[in-house]
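To start, the structure itself, in structure tokens.
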Amino acid sequence: MSMPAADAYKPSHPDRFKVVFGKEDFSSKLVATRAFAKGEVIAKVDTAGAVAESEKRYSTIQVGKDKHAQVTSDLVYMNHSCNPSADFDAPNMALIATQDIAVGDDLSFFYPSSEWDMDQPFDCWCGASQCIMRVEGAKHVPADVLNRYSLTPHIQELKAEQEAEHHK
Numbered sequence: 001m002s003m004p005a006a007d008a009y010k011p012s013h014p015d016r017f018k019v020v021f022g023k024e025d026f027s028s029k030l031v032a033t034r035a036f037a038k039g040e041v042i043a044k045v046d047t048a049g050a051v052a053e054s055e056k057r058y059s060t061i062q063v064g065k066d067k068h069a070q071v072t073s074d075l076v077y078m079n080h081s082c083n084p085s086a087d088f089d090a091p092n093m094a095l096i097a098t099q100d101i102a103v104g105d106d107l108s109f110f111y112p113s114s115e116w117d118m119d120q121p122f123d124c125w126c127g128a129s130q131c132i133m134r135v136e137g138a139k140h141v142p143a144d145v146l147n148r149y150s151l152t153p154h155i156q157e158l159k160a161e162q163e164a165e166h167h168k
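In terms of UniProt numbering, the sequence shown opens at residue 1 and continues consecutively.
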């Protein structure tokens, strides 16, 4: 999936959020265009009927132990944070507000909550007090750290398998 140029940008959910384009690659962000209450559905994750695939990319979201789906809306611009404003509810393919969100707030989620082993790991600069510093996927995050977050069922299963193997 190629990203649209900022001057050709057409918001996918203008009544909910918009992309604020940065000057450098991978420096854009998603911001709320309306308020959301904690627990409210921000948006359904649109994959436009894309079949879940095994190939992971920076523009996919992991939806099962070995399945990734191409995100086909502005949600592809949602950044990682160690203090996220949203959780990914994989069974319902929805993003849920983890806190009250005001107009103009950044929308973010904790990538390891759904991603086991990232296609493009990166250093985190979210600034959260409990920042994990390097975002590589749940495979690389200690279980006690992951337990601070709402994890998708497939990440819970994969981490349990990893922990059981480690304790053999």
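For each residue, glycine too, the CB sits at the ideal point set by N, CA and C.
Check                                                                                       : Outcome
When 84, 97, 80 are compared against residue 120, the one with the closest alpha-carbon     : 80
Residue 17 beta carbon less than 8 Å from that of residue 61                                : no
Secondary structure of residue 13, DSSP reduced to three states                             : coil
Meets three-Cβ-pair contact criterion under 8 Å: the segment 135-145 and the segment 84-100 : no
Assigned secondary structure, residue 80 (DSSP; H/G/I helix, E/B strand, else coil)         : strand
Helix, strand or coil at residue 31 [DSSP, three-state]                                     : strand
Three or more C-beta pairs below 8 Å linking the segment 34-48 and the segment 108-115      : no
Top-ranked residue by Cα proximity to residue 147, from 160, 135, 136                       : 160
Limits of the alpha helix (DSSP H) - the one that residue 101 falls within                  : Unbroken run through residue 101: none, as it is neither H nor E.
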